[in-house]
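Notes to accompany the following structure.
Residue numbers (the UniProt record's numbering): 1 to 1184.
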């Protein structure tokens, strides 16, 4: 049964023209309903002022016989805004509403086609032009031309073309010019037909083209889409395709996820405009390398899809074509979901097509690599040959060759980005860039396996990817691939790999170099697999533009460290190894921006401690400037000797006049230079003053304690027995309290001393001496002028503030109070004679340390007293010899060194004194609560009966042999005499005891923290040769300072931390010995020179701690950096991190130890200028 739907045309025309209209109602020109619905009429309204809600209808009537084909829509024209509306009131129809010629003057403003309306512009070469929008919505259809008669070109011009759920059909060619083209779930279908004149359509949207909701722009011919703004394919289903497709002049093109740009159409389409590929062309088409600049649609060109003159292209969907070209594009970004593909869109035949058997089984196509051989029935058939230029490829991939048979495979296409003149600024690839060969399909085998069981074509070869770019970035999952296709399971060979070439447009060199590629993805040109017994295709080629000097490889990377390249090329072998002789032994080659293009290769030292160009330390630079270590050492030694001679001459001229002291009388409290024996004439001159002062002297009371911050001077409260008759005990005790309070130190003074003792002990010693001196001055001033002397019984002494005097030894460690008679005492026996004072204690000054050796202080009073029994010359000589022996006593070794003093007293002193009835013994006195005790002499008479009453009338110049001798009973039983003396001392309330050989064995001594240093610095005997010793000290002093500077220079070049550690632990300990030594050498007078020399020795020994720190730092540096030691290590150097790191610290330590011994000799030469004082022969000692 044949049925048909016929629409009966019914034309009604309503026209309203008024100035204004008010009201409501309905205006209708609707077609009638019937078996076939009537067509809608036409309504035209020209009302300038409308104030109503009138409904206007002009749609077709319903078709009862064919509901899907209602009457065609009518038209509604509003003349005032010049707007045409075509609406079918959502009634579907297959009948078009004819729109003939559009007015040109004045232009309509808007055209709105909606609600299932179908319109047709049937006239050839017609133009649809409106001033505003053309809107299609809700199933609307706009057709240009007649189907099957595509022989005309149509123009569509508007401000905007808006499409929503609608279709635009063009039979022929379309030239569209709009500012904005928006599509939502809509289609634009262009049928170019067979006429070449209308085969090219041009769509121009100057501002914006947006496809959304599976919108499609399709042309079966040539299509050009131009614009100046954005082209946006938003998401899945959005499609622009044509046989030849050109997208140009946009600012940005965005291909969203699931959207597609394609050219040509899929292989199932057949059209006369389908592009003809140049499969047999042996030469590269010119337009691939030098494309035209105009970007116009030209179907004669090789390209099937071209994107031209676009700033940015962002691909998250698919771009597919046989020959894809990006020309004059600034940047292309392919995201991880994006694909630009020419896979399987190359030639089925081609220059590298595979050979095949009669049954169709064959080898794979060849291109960059030879195609794999096919196999059938024990025989191999060759694959396609390799062809093309690897350095500038531009060929399509070849196929299996048997294109007349079903299942034939094609090679890969071509993807070209940029050109020789216009390269891409950047290509950022996170997805895929593919031109793979086609593989034989499994679906085809399943479908035709019974009919074509032996068909087995080989795989297609890979195509070409030619990239003219400036920079390239491949993401982790990115792929650039031109792999060959796989052969058929029947024995087809695999396709050969294609070609990939990176033609870098501008490779920066030198300091301007920046990496042009960041490759984290994969670049593949492998051959396809052969199946069955077929062979796999060979790999293709990956090449890059020849790199300039210093760069190599496909991506023009910098030559590896330690190599250079001075020719153009990309081969790794062109990077030659740098000459090893030009590399210092502490240097490593460094990376240079742009690579190394010539020798010598740049390098840097392995550490900042070394300096270019020889990678020496600062010290080594100095050393090798003067010819190396040995020559430098000789020059330095010669310079030191020369400077020392200059210093020695200057010292001699500066000091000579002051080193010849005149024999002046010693003042109260001064320390005599006992190395000079006094003359008899001098004694006669001084005798009167001594006698006057000694005649009123009653007793000398010594302070207890060493006068330190921890244990200051203090007097015992009980008055001694010798002064009980001239003092009031209570007042004396108050005097002692006041003296002891005044002698105590403030807490801050001790704190400063403690701090200085830790950081700089010589300064602490100087601070201690300065406070001692000030304390002595305070005590003297107090007793002389402030104290009222109320403890004395003498009225004259109280009135004149006399009777008490405070004095101290020159080392300020021993102080004493002398008691004198006022002259108005009425007691007989005062002052006592010398023999009445026996046993009398004389306490040594000092404490046996290096800075304060023991010494017997003999002032005027003591000398006058002793002259009552002993001639002054004998006494002076005794004091000088005893002090010479006491210098050798060392604290920490008292048991040994006091033994020598006791022996000297027995061999030298007592035999001479026995002639005068006097005996002296070494004794200890006044132990304090802390355990400190004082040492001195105990003087007593041997036999009271044999001792003369006085020596005033004796001839003091007589030799000892003419004096009275020691009683026989003493010589016969000395230990009995000692027992009697001890008993006498206990009766006299003396606190102490005599030291002799037996008691020394029981003597116990506490070791101080500085005990080890006593082995380095100690007082010794004079060696003479004072000038020579001074010269050697000068050499060592200058050498020490030179080594210190060299050590600090080396430490500074090695580590700033080590430099400051050595310099400030202890603070400035390395630098102070030099000025201290110069001061000691150029001082006036032996005594001052000796004192400054001791300070110099103290600084010198203190600086050993700095040397230990330097040694420790050197050891740590050596241990830390030993693994960085180089094979070309020099046997002699001054580096702290190599085998000679110990040279400077060890040399400095040795120099300081030698200096210490020479300083001791210098001090001894200054203090003991009479060498006979150390004579072992008593006769020589006393006769000198």
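Cβ coordinates follow ideal geometry from the N, Cα and C atoms, glycine included.
Starting from residue i and walking both ways along the beta strand (DSSP E), at which residues does that stretch end?
| i | result |
| --- | --- |
| residue 414 | 414-417 |
| residue 325 | 323-334 |
| residue 470 | 464-474 |
| residue 731 | Segment 729-743 is the alpha helix (DSSP H) holding residue 731; no beta strand (DSSP E) there. |
Is it buried or exposed for residue i, if we count other Cβ within 10 angstroms and need 16 for buried?
| i | result |
| --- | --- |
| residue 1012 | exposed |
| residue 451 | Its pLDDT being 48, under 50, residue 451 is placed unreliably in this model, and the coordinates cannot settle the point. |
| residue 1136 | Unreliable positioning characterises residue 1136 in this predicted model, as indicated by a pLDDT of 46, which lies under 50. The coordinate reading is nonetheless provided below. Counting Cβ neighbours within 10 Å, residue 1136 comes out buried, since at least 16 surround it. |
| residue 791 | buried |
| residue 795 | exposed |
| residue 525 | buried |
| residue 282 | exposed |
| residue 483 | buried |
| residue 1028 | exposed |
| residue 75 | buried |
| residue 654 | exposed |
| residue 412 | buried |
| residue 375 | buried |
| residue 46 | exposed |
| residue 1047 | buried |
| residue 97 | buried |
| residue 384 | buried |
| residue 811 | buried |
| residue 466 | buried |
Does the Cβ-Cβ distance between residue i and residue j come in under 7 Å?
| i | j | result |
| --- | --- | --- |
| residue 570 | residue 552 | yes |
| residue 227 | residue 209 | yes |
| residue 603 | residue 577 | no |
| residue 257 | residue 337 | yes |
| residue 369 | residue 527 | yes |
| residue 31 | residue 60 | yes |
| residue 162 | residue 182 | yes |
| residue 856 | residue 1033 | no |
| residue 334 | residue 315 | yes |
| residue 70 | residue 93 | yes |
| residue 475 | residue 531 | no |
| residue 471 | residue 499 | no |
| residue 367 | residue 304 | no |
The ligand ZN and residue i: does any heavy atom of the ligand fall closer than 6 Å to the residue's C-beta?
| i | result |
| --- | --- |
| residue 1168 | The model on display carries no ligand, and the ligand ZN is accordingly not part of it. |
Judging by CA-CA distance, which residue of the options is the nearest neighbour of residue i?
| i | options | result |
| --- | --- | --- |
| residue 396 | 353, 347, 611, 292 | 347 |
| residue 511 | 593, 601, 565 | 593 |
| residue 573 | 805, 300, 564, 1088 | 564 |
| residue 1085 | 516, 223, 1166, 1110 | 1166 |
| residue 997 | 896, 1034, 1032, 1048 | 896 |
| residue 301 | 291, 1025, 1179 | 291 |
| residue 582 | 621, 560, 613, 108 | 613 |
| residue 1146 | 1067, 138, 220, 1044 | 1044 |
| residue 295 | 248, 264, 275, 262 | 248 |
Hey, does residue i have any beta-carbon neighbour from chain D nearer than 7 Å?
| i | result |
| --- | --- |
| residue 357 | No chain D appears in the structure shown, which is made up of a single protein chain. |
In the DSSP assignment, find the unbroken alpha helix (DSSP H) run with residue i in it and report its ends.
| i | result |
| --- | --- |
| residue 312 | Element bounds for residue 312: not the alpha helix (DSSP H) but the beta strand (DSSP E), 305-315. |
| residue 708 | Unbroken run through residue 708: none, as it is neither H nor E. |
| residue 1040 | 1026-1054 |
| residue 617 | Residue 617 -> no alpha helix (DSSP H), and no H or E assigned at all. |
| residue 819 | Unbroken run through residue 819 is the beta strand (DSSP E), 815-820; no alpha helix (DSSP H). |
| residue 1151 | 1143-1167 |
| residue 883 | 872-886 |
Problem set entry | Minimum length 4: unbroken alpha helix (DSSP H) runs contained in the stretch 754-804 | Fully enclosed alpha helix (DSSP H) runs of 4 or longer: 761-781, 795-800.
Exercise. Of all the beta strand (DSSP E) runs that stay within the bounds of the stretch 230-306, which reach a length of 3 or more residues?
Worked result: Taking 3 residues as the shortest admissible run, the stretch 230-306 contains the following complete beta strand (DSSP E) segments, listed from N- to C-terminal end: 230-233, 239-241, 244-248, 252-255, 260-263.
Problem set entry | Those runs of the beta strand (DSSP E) which lie wholly inside the stretch 830-864 and span at least 3 residues | Counting whole runs of 3 or more residues, the stretch 830-864 contains the beta strand (DSSP E) stretches 840-843.
Exercise. Which ranges does the alpha helix (DSSP H) cover as unbroken runs of at least 4 residues, wholly within the stretch 574-649, from first to last along the chain?
Worked result: As far as the stretch 574-649 is concerned, its whole alpha helix (DSSP H) runs of at least 4 residues are 618-625.
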